[in-house]
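Chemist: Take this structure first; my questions come after.
Number of protein chains: 2
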Amino acid sequence: MAGRETLEELVRLQGERVRGLKQQKASTEQIEEEVAKLLKLKAQLGPDEGKHKFVLKTPKGTRDYSPRQMAVREKVFDVIIGCFKRHGAEVIDTPVFELKDFDIAGQFDPMIPDAECLKIMCEILSSLQIGDFLVKVNDRRILDGLFAICGVPDTKFRTICSSVDKLDKMSWEEVKNEMVGEKGLAPEVADRIGDYVQQHGGVSLVEQLLQDPKLSQNKQALEGLGDLKLLFEYLTLFGVADKISFDLSLARGLDYYTGVIYEAVLLQPPAQAGEEPLGVGSVAAGGRYDGLVGMFDPKGRKVPCVGLSIGVERIFSIVEQRLEALEEKVRTTETQVLVASAQKKLLEERLKLVSELWDAGIKAELLYKKNPKLLNQLQYCEEAGIPLVAIIGEQELKDGVVKLRSVTSREEVDVRREDLVEEIKRRTSQPSCTC
Amino acid sequence: MAGRETLEELVRLQGERVRGLKQQKASTEQIEEEVAKLLKLKAQLGPDEGKHKFVLKTPKGTRDYSPRQMAVREKVFDVIIGCFKRHGAEVIDTPVFELKDFDIAGQFDPMIPDAECLKIMCEILSSLQIGDFLVKVNDRRILDGLFAICGVPDTKFRTICSSVDKLDKMSWEEVKNEMVGEKGLAPEVADRIGDYVQQHGGVSLVEQLLQDPKLSQNKQALEGLGDLKLLFEYLTLFGVADKISFDLSLARGLDYYTGVIYEAVLLQPPAQAGEEPLGVGSVAAGGRYDGLVGMFDPKGRKVPCVGLSIGVERIFSIVEQRLEALEEKVRTTETQVLVASAQKKLLEERLKLVSELWDAGIKAELLYKKNPKLLNQLQYCEEAGIPLVAIIGEQELKDGVVKLRSVTSREEVDVRREDLVEEIKRRTSQPSCTC
């Protein structure tokens, strides 16, 4: 394909740019914008490259994290990555995932990948248990059509979008003042916009707007509304429609999104009963961009590209705060059993036993002392959150047993040496805190 | 503690230095040296900080990896990280792990952590199945004593070490020529060294040297040999002594190691029967350094610090090559089942079913087409390595069943809708290739 080498070089350079911005700790918006450009370029490499990509925005570095914080990070990543894998994503870079679209006939049918993307977003946010959330969706084409019928000049489109997007933080009065006072929009045009962009709801709002006398005259808006209707149908089949809000004030990232756009926000409880929950900031966002890339497809096919970013750093803080508020102890190791000795001169026996456990895949530790005091060994378990102790004593050795002690309940039972591995596995596979 | 702020600042700066070197793609030896300095500094922050640390040398970046390579990387990391966790390691940085040393009484007993470190190294290399390997061990104190009794001037210690270390790649003649011809060592001194450093063996070699008339006069050498003897005892209890070779020519990293040093090498089969296997380069290395840091401990305790580096980039290449040689297909996704339709107009049913599977934690996909051909869906599974297909058809819907097909055996069976999740879980928990 002519120009492919140049495209690949452009992709490579854009990739460098993204990495450079990350290292320089550029703003997340700037990074997101450049990542979107990167993906657009990659998509131009050809239909096989036009897959659905998911980018995780990861923290810039990890050196300021304590072991506790690292453990929280790991749990969060496990949830996110597990969800992508459940949906068949490949890891193509760290931390970029890709859902395959290797449909052998070539075309894809609209809105199915978008619906899956939103399903993934909802699964992740539910699993993380960071509280109630809402996913706002809108569509670039609806906004375009909307602004057109309201009389917004083409040249002011982007700047008016940016004002409208502030409705999640500012009142309509303030937004209108900005549009009219600072950006030179005619007040009656602003009023017309206001009639629309303060609305949000479910599929019934989509259907209502499909009947809107002015909006339904606009081809773009109709297209966007039609797709949103289809999207809601699929989201209902996916069981997540109750989390989705069609929100006409969502106007972010419109430099690169060409279709559906979405943003997930956490809800804090309303200040007073009866008030609607307020968003406290986004934790994930994304959208579709594929209009441009079709140009480079020899068969003129549309190459799908759906982006999803998850604000993991934000999520880490929230999860951490929640755990602190619940006073929940975060374990920094996964050790299941400490191998301990009750008397002196039993180091060799401890070494043999701990080695047996490791070889059986059990997560075990021992203290690095020849003759540790039993009390110290038990205290170590309490501090580290280790649930079980396997205690070796001279009598137990003669009897061919090991004393297995539950750290929380303090109950001890003699287990035959040959049954120990099974018993430990059985007890550690139960719900936590019941070892 | 006086000077702590300065120490913390030094630690921070050294950490920056390490990161800078990584970004500049400095040589692994240079990085390892600076990491060792970093760990020494960190250990000086106090006894609680003097834990056993393990550093994974990770590749500089991932952008040149295909999905297949990323999948290989992930498998390798899973093995390594799983092993550390089995031994109670905390993640303190990426990719640095730390084994806790919260011996509450304060002191640790020698060689136990070193033995565990070597056990970890052996477990990792065995699990990775990259072929036979050998772990060479030596001790700084033995080399010091050895060179002293052979008559090496103190000033030439480091440079002679570096020559001796080349014995894994060069013959003794060549090494001797370098020591005498280039480094000005007296030939008779070189000959004395040669009598020792060409030796390698098990604990019997340790015992033999403990009886050596000259070496046993040297206090340092005796200390080192005594510790190695203890180390071999523990390694025997850990079941890995057969992988360990006491090799007097191992003389790497002596700028910072103060005690035991080790290096794991892969063995390739000998060129001719009866020859010893030749090392083909190291895949892991480490050692103990703690003499210096004791100075900063208010109670004058020795603060343990054992370093272990695993050459993951090297290991990735080896695993990849092995898989290619075995012509083993590396799956790039973990998808367990494709939800397919046998006739047209069944998209909604597919969406419902795939959503049920996702909600039950099953890894599932569907094609993004409204009416995909069954053949295309089956072909997709074959290419992606997906083992099962859940086929929806009009008759099956009426009968309340789903046709579950094994992609490899091509056998199909009707499964009741309410039993489908269990059946998929049962079949995917069996050894691979028997779905």
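Chains A and B supply the protein sequences, listed in that same order.
In this text, residue positions in the first sequence follow the UniProt record's numbering: the first is 1, and each later residue adds one.
In this text, residue positions in the second sequence follow the UniProt record's numbering: the first is 1, and each later residue adds one.
Note that the Cβ used here is the ideal one computed from N, Cα and C, for glycine as well.
It should be emphasised that the depicted structure is a prediction, and the values quoted were computed from it without experimental measurement.
Quick one: is B:D109 near chain A, going by C-beta distance under 7 Å?
Modeler: Judged by the 7 Å Cβ criterion, B:D109 is in contact with chain A.
Chemist: Which of the residues in the region 338 to 362 of chain B, read from start to end, lie with their CB under 8 Å from any CB of chain A?
Modeler: Within the region 338 to 362 of chain B, the residues whose Cβ lies closer than 8 Å to some Cβ of chain A are L347, E348, L351, K352, S355, W358, D359, G361 and I362, listed in chain order.
Chemist: Say whether chain A places a C-beta atom closer than 7 Å to the C-beta of residue 436 of chain B.
Modeler: Look at the range of chain B in this structure, 1 to 435, and you will see that residue 436 of chain B is not part of it.
Chemist: Check whether the region 167 to 184 of chain B and the region 206 to 222 of chain B are in contact - that is, three or more C-beta pairs closer than 8 Å.
Modeler: The answer is no - the region 206 to 222 of chain B does not touch the region 167 to 184 of chain B, with fewer than three Cβ pairs under 8 Å.
Chemist: Can you tell me whether DSSP reads B:S163 as helix, strand or coil?
Modeler: Helix at B:S163.
Chemist: For B:I112, decide whether its Cβ has a neighbour in chain A, counting only Cβ atoms nearer than 7 Å.
Modeler: So yes, B:I112 belongs to the interface.
Chemist: Span of the alpha helix (DSSP H) holding A:A418?
Modeler: The amino acid occupying residue 418 of chain A in the given sequence is Glu; Ala does not appear at that position. Run containing A:E418: none; DSSP gives neither H nor E here.
Chemist: Using a Cβ-Cβ cut-off of less than 9 Å, give me the residues of the region 231 to 249 of chain A that come near chain B, in sequence order.
Modeler: So the close ones are E233, Y234, L237, F238, G239 and V240.
Chemist: Looking only at its own chain, which residues have a Cβ that is under 7 Å from the Cβ of B:G194, when we skip the five neighbours before and after it?
Modeler: Excluding positions up to five away in sequence, the list reads W172 and K176.
Chemist: Taking CB distances under 7 Å as the criterion, tell me whether B:A370 reaches chain A.
Modeler: For clarity, residue 370 of chain B is Lys in the given sequence; the question names Ala instead. Taking Cβ atoms only, chain A reaches closer than 7 Å to B:K370, which makes this a yes.
Chemist: Quick check: B:Y257 and B:Y234, are their CB atoms within less than 7 Å of each other?
Modeler: Cβ distance not < 7 Å, so B:Y257 and B:Y234 don't count as in contact.
Chemist: Determine, using beta carbons only, whether B:G286 comes closer than 7 Å to chain A.
Modeler: Answer no: the Cβ-Cβ gap between B:G286 and chain A never drops below 7 Å.
Chemist: With a threshold of 16 other CB atoms inside 10 Å of the CB of A:P431, please say whether the residue is buried or exposed.
Modeler: So A:P431 counts as exposed.
Chemist: Touching or not, the region 351 to 363 of chain A and the region 414 to 421 of chain A, by the rule of three or more beta carbon pairs under 8 Å?
Modeler: Judged by Cβ distances under 8 Å, the region 351 to 363 of chain A makes contact with the region 414 to 421 of chain A, as three or more pairs qualify.
Chemist: Give the straight-line distance between the Cα atoms of B:C117 and A:I318, rounded to the nearest whole angstrom.
Modeler: Rounded to whole angstroms, B:C117 to A:I318 spans 36 Å at the Cα level.
Chemist: Quick one: which chain A residues come within Cβ less than 8 Å of B:F102?
Modeler: Ordered by position in chain A, the residues that pass the 8 Å Cβ test against B:F102 are Y380, E383 and A384.
Chemist: Along the alpha helix (DSSP H) that carries B:R322, what are the first and last residues, could you check?
Modeler: Where B:R322 is concerned, the enclosing alpha helix (DSSP H) stretches over V312 to A325.
Chemist: Determine whether the beta carbon atoms of A:K282 and A:E263 lie at a separation below 7 Å.
Modeler: Checking the sequence shown, residue 282 of chain A turns out to be Ser, not Lys. Yes, the Cβ-Cβ distance between A:S282 and A:E263 is below 7 Å.
Chemist: For the region 363 to 370 of chain A against the region 245 to 257 of chain B, do three or more pairs of beta-carbon atoms, one drawn from each stretch, fall closer than 8 Å, so that the two count as touching?
Modeler: With a cut-off of 8 Å, the region 245 to 257 of chain B and the region 363 to 370 of chain A do not count as touching, because too few Cβ pairs lie within range.
Chemist: Are at least three pairs of beta-carbons, each pair with one atom in the region 221 to 241 of chain A and one in the region 132 to 145 of chain A, less than 8 Å apart?
Modeler: A contact exists between the region 221 to 241 of chain A and the region 132 to 145 of chain A.
Chemist: Report all residues from its chain with a CB closer than 7 Å to the CB of A:E123; omit the five preceding and five following residues, and keep chain order.
Modeler: Only C83 meet the Cβ criterion.
Chemist: Closer than 8 Å by C-beta to A:S162: which residues in its own chain qualify, once you throw out the five before and the five after it? Chain order, please.
Modeler: Within the same chain, A:S162 has close Cβ partners A251.
Chemist: Is there a Cβ of chain B sitting closer than 7 Å to that of A:E365, yes or no?
Modeler: So, interface residue.
Chemist: Taking the alpha carbon of A:K119 as the point to measure from, which residue in A:L21, A:D242 and A:P153 has its own alpha carbon closest?
Modeler: When only C-alpha atoms are compared, the closest one is A:D242.
Chemist: Opposite B:D139 in the DSSP bridges: which residues?
Modeler: For B:D139, which the question treats as bridged, DSSP gives the partners B:V260.
Chemist: Going along chain B, which residues have a C-beta under 8 Å from A:T333?
Modeler: Residues of chain B passing the Cβ test: K85, G88, A89, E90 and K100.
Chemist: Is it right to say B:F102 is buried, meaning 16 or more other beta carbons lie within 10 angstroms of its own, or is it exposed?
Modeler: Answer is exposed; the Cβ neighbour count stays below 16.
Chemist: If you run the structure through DSSP and keep just helix, strand and coil, what is B:R410?
Modeler: If DSSP states are grouped into helix, strand and coil, B:R410 belongs with coil.
Chemist: I'd like the list of long-range same chain contacts for A:C150, defined as Cβ closer than 6 Å, with 5 residues on each side in sequence excluded.
Modeler: Counting only Cβ-Cβ distances below 6 Å, and skipping sequence neighbours, we find V189, R192 and I193.
Chemist: In the DSSP assignment, the alpha helix (DSSP H) including B:D154 goes from what residue to what residue?
Modeler: Premise fails: B:D154 is in no alpha helix (DSSP H) and is neither H nor E.
Chemist: According to DSSP, is B:K369 part of a helix, a strand, or is it coil?
Modeler: Looking at B:K369 - three-state DSSP - the assignment turns out to be coil, as it is neither helix nor strand.
Chemist: With B:K363 and B:T335 assumed to form a contact (beta carbons below 8 Å), what rounded beta-carbon distance in angstroms separates them?
Modeler: Right, their Cβ atoms sit about 5 Å apart.
Chemist: Please list the partners that A:E33 has in chain B, where partner means a Cβ-to-Cβ separation under 8 Å.
Modeler: By Cβ distance, chain B contributes nothing, its closest Cβ being about 19 Å from A:E33, past 8 Å.
Chemist: Suppose the cutoff is 8 Å on Cβ atoms and the five residues either side in sequence are ignored; what does the same chain contact list for B:P67 look like?
Modeler: Cβ neighbours of B:P67 beyond the five flanking positions: T332.
Chemist: Where B:V339 and B:S409 are concerned, what is the direct C-alpha to C-alpha distance, given to the nearest angstrom?
Modeler: Whole-angstrom Cα-Cα distance: 18 Å.
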